[in-house]
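Only one structure is covered here, and it is reproduced in the block below.
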Amino acid sequence: MSEEKIEQDTGSEEPSPHRLIGTLAVAGLLSGIIIIAIYLVTFETIKENKARELRESVFRVLPDATKMQKLLLKEGKLVVSYKEEKGEEPIYAGYDDNDKFAGYAIPSDGPGFADTISVLYGYRPADRKVIGMWILASRETPGLGDKIYKDAAFVANFDDLAIDPPIVATKKGKSKPNEIDAITGATISSVAVAKIINKGNAYWVSKLPEPGNEPAYEVPAAHTASSRAVDTQAP
Amino acid sequence: MAKEKLAYDEFMKGLWRENPVFVQVLGLCPLLAVTNSAVNGLAMGLASFFVLLGSSILVSLLKNYIPKQVRISCFIIIIATFVTVVDYSLAAAMPVIHKDLGAFIPLIVCNCLILGRMEAFASRNTLRMSVADAFGMGAGFLFALVALGAVREIFGVGELFGITLFGPNFEPWVIMILPPGGFITLGVMLLYFNWVEEKKNKIDKQLAAEDGVN
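Quick note, the sequences are listed as chains G and D, same order.
The numbering of the first sequence is our numbering, which starts it at 1 and goes up by one.
The numbering of the second sequence is our numbering, which starts it at 236 and goes up by one.
So, in structure tokens, the structure goes:
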């Protein structure tokens with residue numbers, strides 16, 4: 001079919017403005033219906049994926065934990081929450097098989113080299129130590145900055161790390177309990193991770209209850225009816 | 236028979252002769268941005284392929300109902316709908332890859348290759364030929380993305396599709412997975428395609444000259 005023929009077909013008479021508006025309206029309407037349909041179809045799966053990712057991250061930074069629950073700060077007190085609230089700033093408490101408290105998983109973020117880095121780290125208040133770190137989201141340079149989560153040796157820096165005085169990233173080889181080894185070629189990203197954890201500690205540590213008074217693990221079954229519960233069981 | 240040959244010809248045109256990347260040099264933004272590994276290239280290629288094919292079918296079917304004054308808007312609506320479908324499906328089915336590709340999935344909407352095929356081909360041709368064209372162009376784009384991703388991953392990480400290729404002594408060329416590596420690799424590939432083209436032209440000319448003598 002030649003190009004000219006089509007031009008003649010459609011160009012012979014000017015369609016009315018109503019026809020033009022009508023065409024676009026129908027197109028927009030159909031498109032909207034399809035988009036809503038696909039959103040509804042995939043919504044549950046996407047939500048589950050996100051919950052699973054979070055759960056796996058929490059268990060990664062709290063090595064002893066096999067269960068978790070979400071905590072929110074309300075009137076200076078940490079309370080267990082099962083609902084999603086707008087603008088919430090949650091932290092997560094991990095518990096082992098015997099419902100014994102295993103530590104807090106604290107999300108924190110801050111500027112990295114390329115963009116904001118979101119970090120989740122495990123904190124054990126009993127000995128004031130960071131016991132694990134995991135990057136939730138970052139856009140650091142592939143091959144250099146992304147070593148903050150791809151380099152196992154760097155991640156291992158955070159397995160047993162004192163938080164007083166604040167964490168320092170050093171290039172000379174760590175010698176103190178509050179120091180981590182910066183990655184060669186990704187110093188800015190390494191320092192950023194340390195700063196982000198310090199920021200999280202500065203905000204949260206003073207607000208946490210005395211060691212020993214952590215919120216107890218609540219059996220989620222009691223709440224499933226009342227809320228769209230975050231599934232807190234280990235997979 | 237003749238029809239089948241024509242469709243096959245349209246397909247090969249997109250895959251090789253008029254490859255959207257190596258010959259038409261279209262769609263470079265997603266190409267350079269996501270090809271730091273072969274898997275990402277493959278996922279992006281498949282996503283674009285699906286959008287291109289779906290949009291081509293719809294545009295070709297609806298071409299007589301869309302007034303030409305609003306055709307570009309209609310094409311964009313159709314493309315954007317398919318992209319949204321791909322975006323949500325990928326987030327549900329392959330969250331890791333979806334996270335890696337990030338903003339570049341929604342940005343398929345403004346891939347000039349796709350809009351270009353709608354305007355230049357699907358809106359002027361039969362369904363059959365449009366499908367052949369979409370298959371060809373989609374496959375050509377996929378091929379380019381995977382080729383670029385594979386080369387950059389092999390040199391930049393020493394792996395292909397996540398499988399380690401070299402011994403532990405291999406020092407990765409980090410530059411290959413950084414943006415400059417994308418430009419360098421693409422440049423070398425364009426050089427090769429142009430070299431092949433030039434050589435072909437020379438042979439054609441020679442043959443024509445010989446024919447003239449005989």
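Where is the CB? At the ideal position from N, CA and C, for every residue including glycine.
Keep in mind the model is a prediction, meaning the values are calculated, not measured.
Cβ-based contacts, 7 Å cut-off: residues of the region 278–310 of chain D near chain G: If the cut-off is 7 Å between Cβ atoms, the region 278–310 of chain D has Ile301, Pro302, Lys303, Gln304, Val305, Ser308 and Cys309 near chain G.
Buried or exposed, going by whether 16 or more other CB atoms sit within 10 Å of the CB of Val320 of chain D? Residue mapping note: residue 320 of chain D aligns to position 85 of the second sequence, counting from 1. Buried is the call here.
Short-range partners of chain D found in the region 84–115 of chain G, where Cβ spacing is below 9 Å: So the list is empty, because no residue satisfies the distance condition.
Compare the C-beta of Leu20 of chain G with all C-beta atoms of chain D and state if any pair is closer than 8 Å. Walking along the first sequence from the start, residue 20 of chain G turns up at place 20. Under the Cβ distance rule, Leu20 of chain G counts among the residues neighbouring chain D, one pair being separated by less than 8 Å.
Does the beta carbon of Leu380 of chain D sit closer than 8 Å to a beta carbon anywhere in chain G? Reading the second sequence from its first residue, position 145 is the one you call residue 380 of chain D. Cβ-Cβ to chain G under 8 Å: no for Leu380 of chain D.
Distance cutoff 8 Å, beta carbons only. Does Thr316 of chain D sit that close to anything in chain G? Within the second sequence, the letter at position 81 stands for residue 316 of chain D. The beta carbon of Thr316 of chain D falls within 8 Å of a beta carbon belonging to chain G, placing the residue at that interface.
Are Ala273 of chain D and Ala367 of chain D close, meaning C-beta to C-beta below 8 Å? Here residue 273 of chain D is taken as the residue at index 38 of the second sequence, counted from 1. Here residue 367 of chain D is taken as the residue at index 132 of the second sequence, counted from 1. Contact: no.
Within 8 Å of any Cβ in chain D, is that where the Cβ of Pro165 of chain G sits? Here residue 165 of chain G refers to the residue found at position 165 when the first sequence is read from its first residue. Not closer than 8 Å to any Cβ of chain D, the Cβ of Pro165 of chain G fails to qualify, so no.
Can you give me, in chain order, the residues of the region 321–347 of chain D that have a beta carbon less than 7 Å from any beta carbon in chain G? Within the region 321–347 of chain D, contact with chain G at the beta-carbon level (separation under 7 Å) is assigned to Tyr323, Ser324, Ala326, Ala327 and Pro330.
Between the Cα of Ile34 of chain G and those of D:Gly262, D:Ser283, D:Val318 and D:Gly249, spot the shortest distance and give me the residue it belongs to. As a working mapping, residue 34 of chain G is identified with position 34 in the first sequence. Of the candidates D:Gly262, D:Ser283, D:Val318 and D:Gly249, the one whose C-alpha sits nearest the C-alpha of Ile34 of chain G is D:Val318.
Sequence-distant residues of the same chain with beta carbon closer than 6 Å to Ala357 of chain D, five excluded per side: As a working mapping, residue 357 of chain D is identified with position 122 in the second sequence. Once the five neighbours on either side are set aside, the close Cβ partners of Ala357 of chain D are Ser291, Val294, Ser295 and Ser365.
Contact with chain D by Thr141 of chain G, beta-carbon distance below 8 Å: As a first step, residue 141 of chain G must be located in the first sequence, where it is residue number 141. Interface residue (Cβ-Cβ distance to chain D less than 8 Å): Thr141 of chain G is classified as such.
Check whether the region 112–120 of chain G and the region 378–385 of chain D are in contact - that is, three or more C-beta pairs closer than 8 Å. By the Cβ test, the region 112–120 of chain G is not in contact with the region 378–385 of chain D, since fewer than three Cβ pairs between them sit closer than 8 Å.
Identify the continuous beta strand (DSSP E) that holds Thr170 of chain G and give its terminal residues. For the purposes of this step, residue 170 of chain G is identified with residue 170 of the first sequence, where counting begins at 1. First-last of the beta strand (DSSP E) with Thr170 of chain G: Val168 to Thr170.
Pick helix, strand or coil for Ser189 of chain G, following the three-state DSSP scheme. Translated into the one-based positions of the first sequence, residue 189 of chain G becomes position 189. Helix at Ser189 of chain G.
Checking contacts by CB at 8 Å: is Leu144 of chain G closer than that to chain D? The sequence position of residue 144 of chain G within the first sequence is 144, counting from 1. At a cut-off of 8 Å between beta-carbon atoms, Leu144 of chain G makes contact with chain D.
Can you tell me whether Arg124 of chain G is buried or exposed? The criterion is at least 16 other CB atoms within 10 Å of its CB, across all chains shown. Against the first sequence, residue 124 of chain G aligns to sequence position 124. By the neighbour-count rule (16 or more Cβ atoms within 10 Å), Arg124 of chain G is buried.
Per-residue DSSP class, three states only, for Ser31 of chain G: As a working mapping, residue 31 of chain G is identified with position 31 in the first sequence. Here DSSP, grouped into helix, strand and coil, assigns Ser31 of chain G to helix.
Indicate whether Cys347 of chain D and Gly262 of chain D have their beta-carbon atoms separated by less than 8 Å. For the purposes of this step, residue 347 of chain D is identified with residue 112 of the second sequence, where counting begins at 1. For the purposes of this step, residue 262 of chain D is identified with residue 27 of the second sequence, where counting begins at 1. Taking the C-beta atoms as reference points, Gly262 of chain D is found nearer than 8 Å to Cys347 of chain D.
Are three or more beta carbon pairs between the region 45–53 of chain G and the region 321–338 of chain D nearer than 8 Å? Cβ pair count under 8 Å is three or more, so yes.
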